[in-house]
Amino acid sequence: MVPLYFLTLFFNILAFTTANVLDKRYVQGIHLVNCGNAYSAVVYCAQDGSSACKKNPSSSNMKKVKSDGLFTWEGVWKEVTFSTGTTFSFSVDVDARGFPNNKHAGTGVQTYQGRNLGSWNIYKDDGHSMYNDGNGNTCHSIYYAFAV
48 MVPLYFLTLF FNILAFTTAN VLDKRYVQGI HLVNCGNAYS AVVYCAQDGS
98 SACKKNPSSS NMKKVKSDGL FTWEGVWKEV TFSTGTTFSF SVDVDARGFP
148 NNKHAGTGVQ TYQGRNLGSW NIYKDDGHSM YNDGNGNTCH SIYYAFAV
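If you read the sequence shown in my numbering, its first letter stands for residue 48, the second for the next number, and so on.
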């Protein structure tokens, strides 16, 4: 009985530690953000979770989806092309606004000059502040995506 208790404790600690490590993700990511009430944008982060992803992105890593108010992310198929020529096409579930944080909420595809670069899974984010845009708007992550 005692060894089973310690084994269970070990796996619980391992699961907790793994969850914390996964929370500090350093892989490429894409965020669907709302900046104040001013605009919505798609932001590419080469190392999601790093401090570089918490700064105002360069114009090559950010594409406004709507510049005169907030975009409704849910229930539409949307395509944005960054200045680099890379296109991200995506769809967020029509009911995703009510999903719990980190729940799978949609899919996306990344392409470059018509060549498929891979599929992405989109998840509901917690609305955390990612960066200030320098114009008085705080940009909050509504959804995030990782390559499959």
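Using N, Cα and C, we set each Cβ at its ideal position, and we do this for glycine too.
Do you know offhand how far F135's Cα is from L79's?
Taking the sequence shown and counting its residues from 1, the one referred to as residue 135 is at position 88. Taking the sequence shown and counting its residues from 1, the one referred to as residue 79 is at position 32. Looking at the two C-alpha atoms, the distance is approximately 11 angstroms.
*Cut-off 6 angstroms between Cβ atoms - residues of its own chain near T128, not counting five sequence neighbours on either side*: Within the sequence shown, numbered from 1, the residue matching residue 128 stands at position 81. For T128, where only same-chain residues beyond five positions count, the Cβ hits under 6 angstroms are T134.
Identify the residues that DSSP records as bridge partners of G165: which are they? Counting from one through the sequence shown, the residue named residue 165 turns up at place 118. Answer is Q157, bridged to G165.
Checklist entry - From N108, H175 and F118, pick the residue whose C-alpha is nearest to that of Y86; which is it? => result Within the sequence shown, the letter at position 39 stands for residue 86. Closest in C-alpha terms to Y86, from the list N108, H175 and F118, comes F118.
Query raised in the report: Touch check for the region 139-147 and the region 105-112: three-plus C-beta pairs under 8 angstroms?
Result: Judged by Cβ distances under 8 angstroms, the region 139-147 makes no contact with the region 105-112, as fewer than three pairs qualify.
Checklist line | Cα-Cα separation between Y190 and Q157, rounded to whole angstroms | finding: In the sequence shown, the residue the question calls residue 190 occupies position 143. In the sequence shown, the residue the question calls residue 157 occupies position 110. The alpha-carbon atoms of Y190 and Q157 are separated by roughly 16 angstroms.
Requested in this report: Leaving out five residues on either side along the sequence, give the residues of the same chain with a beta carbon under 6 angstroms from the beta carbon of Q75.
Outcome: As a first step, residue 75 must be located in the sequence shown, where it is residue number 28. Cβ contact annotation for Q75 (same chain, cutoff 6 angstroms, sequence separation greater than five): A93, in chain order.
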